[in-house]
Amino acid sequence: MSAETQEIIRVHGVAHGGHGVGRAEGEGADPRVWLVDGALPGERVTATRLREAKQMIRGRALEILEASPARVTPPCPLAATCGGCSWQHVAADAQIELKRQIVDGQLRHLGVTVRRAVPSPAALGYRRRARLHYTREGGALVIGFHEQRSHAIVDVPSCPVLDGALNHALSRLREIADLLPASGEVAGLSDGERAILGLPGVPPSEAIDLAIRERVLDDVLIGVALRGRRRRHSVGVTSMAIDAAEGQIPMAAGPFVFTQAQAAQNALLVRHVVEAARARGKRVLELFAGAGNFSRELGRHAQGVWTLDDGRESVSYLRGLAEERRLPINAKHGKAELLLPKLARSGKTFDVAVVDPPRRGLGSAASEALAKVASERIVYVACDPSTLARDLKTLVASGFRISDVTIFDFMPMTPEIEVVATLEAVPGARPAER
Ligand SMILES: C[S@@+](CC[C@H](N)C(=O)[O-])C[C@H]1O[C@@H](n2cnc3c(N)ncnc32)[C@H](O)[C@@H]1O
49 MSAETQEIIR
59 VHGVAHGGHG
69 VGRAEGEGAD
79 PRVWLVDGAL
89 PGERVTATRL
99 REAKQMIRGR
109 ALEILEASPA
119 RVTPPCPLAA
129 TCGGCSWQHV
139 AADAQIELKR
149 QIVDGQLRHL
159 GVTVRRAVPS
169 PAALGYRRRA
179 RLHYTREGGA
189 LVIGFHEQRS
199 HAIVDVPSCP
209 VLDGALNHAL
219 SRLREIADLL
229 PASGEVAGLS
239 DGERAILGLP
249 GVPPSEAIDL
259 AIRERVLDDV
269 LIGVALRGRR
279 RRHSVGVTSM
289 AIDAAEGQIP
299 MAAGPFVFTQ
309 AQAAQNALLV
319 RHVVEAARAR
329 GKRVLELFAG
339 AGNFSRELGR
349 HAQGVWTLDD
359 GRESVSYLRG
369 LAEERRLPIN
379 AKHGKAELLL
389 PKLARSGKTF
399 DVAVVDPPRR
409 GLGSAASEAL
419 AKVASERIVY
429 VACDPSTLAR
439 DLKTLVASGF
449 RISDVTIFDF
459 MPMTPEIEVV
469 ATLEAVPGAR
479 PAER
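Numbering (the working numbering), first residue to last: 49 to 482.
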């Protein structure tokens with residue numbers, strides 16, 4: 049069958065990545081499962097094939113023959129081309145239920161269901177951190193996200209999911225198109241009122257410093273951090289306190305360190321993680337701590353928090369925070385997959401472990417080591433439910449039981465999901481106790 053052939057697919061579910069799961073209709077239809085971009089559970093669509101594997105066909109919806117009640121007109125005029133958000137066609141209030149179904153599907157084999165699904169407080173204008181691409185065309189800057197299934201860049205004059213300050217800051221960059229490389233990336237961070245940009249691959253020079261000061265900075269875009277040819281330079285203010293309005297200890301950060309995508313939902317996530325950790329008076333190990341998002345609140349209750357992150361800039365922000373707030377935090381730089389087996393071999397334990405790895409998760413060796421190192425509880429914060437499911441299987445086999453799974457929608461209009469799994473040690477079942 050040619051790649052252009054259209055087939056009719058009945059969609060019955062949703063898979064990790066946000067694709068509709070279905071089967072082809074009709075006599076002699078291919079019996080393999082379809083994963084269809086742009087299709088929702090309950091829909092009947094025509095689809096074309098993008099890729100094939102032994103048991104599965106990846107496709108793209110072309111025409112919606114029977115639409116789900118959750119299907120809406122995308123709020124963004126660029127939704128048909130821009131690859132930044134793939135769920136603009138899903139009603140905002142239906143997105144959290146689809147995310148719950150995705151996580152349930154990933155964790156079903158472990159016998160757990162999602163206990164609580166926390167929708168995003170806002171569906172648009174929520175995003176305070178983003179990384180966009182740019183390229184110069186003529187004298188102007190094309191700046192935005194990659195096109196769907198392509199590396200071409202869609203010019204985004206104003207993005208409806210970014211907050212106002214970030215949109216404003218990104219548009220200011222167009223004023224210095226003539227001084228930027230032919231193509232590159234820009235990282236932005238906003239505190240809701242003001243924003244900072246980071247330009248990797250842009251070596252500092254007097255000319256660009258002057259141009260940024262004269263043509264770009266204003267009351268909203270307060271600084272641009274340049275990095276290139278092993279040199280770093282700040283024009284204006286390039287770090288800011290975020291989350292000050294959320295009733296938490298504010299955290300200093302810049303555009304090059306990891307921060308959660310939005311402030312309002314992050315306040316709920318931090319509160320949940322701290323409650324799940326039951327850290328009062330305990331010795332806490334926190335891996336993948338970043339600039340101290342959870343550490344700042346864990347440190348208020350715990351006897352001590354030992355943190356690790358492999359980003360030097362994040363560790364330096366966290367050390368500054370601990371010192372300024374006099375929190376019992378010992379922040380170290382290093383790789384979690386190296387530290388965990390070392391701790392396990394030495395027999396060192398912590399009452400509680402909090403981990404928040406990137407998409408790839410922990411992996412089986414680090415998960416096995418974690419089960420030896422954490423003696424009471426593990427709070428696992430994940431941004432990829434499939435690697436979380438893999439690691440939970442190892443942790444359960446190593447003497448822990450899953451007591452809670454809660455999901456948080458940080459990124460409406462996309463199928464991205466943040467999942468928090470809480471695990472408790474089963475008495476007598478951990479390898480160290482056997
Ligand atoms: C998802 S972020 C979480 C950061 C923080 N918990 C937060 O909520 O902002 C993951 C963090 O892990 C760090 N990281 C990535 N790979 C790592 C590794 N192998 N060992 C230690 N830290 C790592 C990154 O620098 C990043 O700060």
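Ideal Cβ placement from N, Cα and C applies to all residues, glycine included.
Owing to the predicted nature of the structure, the values given are computational and were not obtained by experimental measurement.
Own chain partners of residue i with C-beta closer than 8 Å, once the 5 adjacent residues on each side are dropped
| i | result |
| --- | --- |
| E385 | L410, G411, A413, A414 |
| R261 | V283, G284 |
| S343 | E334, A337, V353, T355, L366, L369, A370, L375, I377, A379 |
| L110 | Q54, V93, T94, A95, T96 |
| A225 | R184, G187, A188, L189 |
| R328 | H349, A350 |
Per DSSP, cross-strand counterpart(s) of residue i
| i | result |
| --- | --- |
| M104 | V81 |
| C431 | Per DSSP, none; premise fails for C431. |
| P248 | R275 |
| R367 | According to DSSP, R367 bridges with nothing at all. |
| F456 | V166, E466 |
| G232 | Y182 |
| M299 | I290 |
| G66 | According to DSSP, which records beta bridges pairwise, G66 is partnered with nothing at all. |
| C130 | E195 |
| T161 | Beta-bridge pairing links T161 to no other residue. |
| T96 | Q54, R108 |
| A243 | S238, L269 |
| F448 | A473 |
| H281 | L274 |
| I201 | H194 |
Exposure label - residue i; buried when at least 16 CB within 10 Å
| i | result |
| --- | --- |
| T355 | buried |
| S50 | Reliability of the predicted coordinates at S50 is poor, the pLDDT of 49 falling under 50, and the value obtained from them is presented with this limitation in mind. That one is exposed. |
| T53 | exposed |
| N378 | exposed |
| V313 | The amino acid occupying residue 313 in the given sequence is Gln; Val does not appear at that position. With 16 or more Cβ atoms within 10 Å of its Cβ, Q313 is classed as buried. |
| H199 | exposed |
| L258 | exposed |
| I57 | buried |
| A293 | exposed |
| K12 | Look at the range of the chain in this structure, 49 to 482, and you will see that residue 12 is not part of it. |
| S394 | exposed |
| A445 | exposed |
| D141 | exposed |
| A325 | buried |
| T161 | exposed |
| R425 | buried |
| R175 | buried |
| P125 | exposed |
| V474 | exposed |
| E481 | exposed |
| G476 | exposed |
| P208 | buried |
| P463 | buried |
| P229 | exposed |
Residue i: CB within 8 Å of a non-hydrogen atom of ligand 3
| i | result |
| --- | --- |
| S394 | Absence of ligand 3 is noted for the structure shown, with ligand 1 being the only ligands found. |
Continuous alpha helix (DSSP H) stretch holding residue i: start and end
| i | result |
| --- | --- |
| L388 | 384-394 |
| V151 | 140-155 |
| V321 | 311-325 |
| V421 | 412-421 |
| D257 | 254-259 |
| A217 | 212-220 |
| E345 | 343-349 |
Other residues of its chain near residue i: CB distance less than 6 Å, five sequence neighbours each side excluded
| i | result |
| --- | --- |
| V429 | D404, V468 |
| L227 | I256, A259 |
| Q363 | Contrary to the premise, residue 363 reads as Val rather than Gln in this sequence. Once the five neighbours on either side are set aside, the close Cβ partners of V363 are D357, A379, H381. |
| G132 | F193 |
| A171 | A140, P460 |
Limits of the beta strand (DSSP E) - the one that residue i falls within
| i | result |
| --- | --- |
| K380 | 377-381 |
| G352 | 352-357 |
| E334 | 331-335 |
| F398 | 398-403 |
Contacting residues, own chain, Cβ-Cβ under 7 Å from residue i (five flanking each side not counted)
| i | result |
| --- | --- |
| G68 | V59, V62, V84, A87, L88, P89, E91 |
| K441 | L158 |
| Q103 | R80, V81 |
| K383 | D358 |
| H64 | I150, Q154, P433, S434 |
| V268 | A213, H216, A217, R242, A243 |
**Message:** Quick check on the contact list: which residues have their beta carbon closer than 7 Å to a heavy atom of ligand 1?
**Reply:** Going along the chain, the residues that qualify are V305, F306, T307, Q308, L335, F336, A337, G338, A339, N341, F342, L356, D357, D358, G359, S362, G382, K383, A384, E385, D404, P405, P406, V429, C431.
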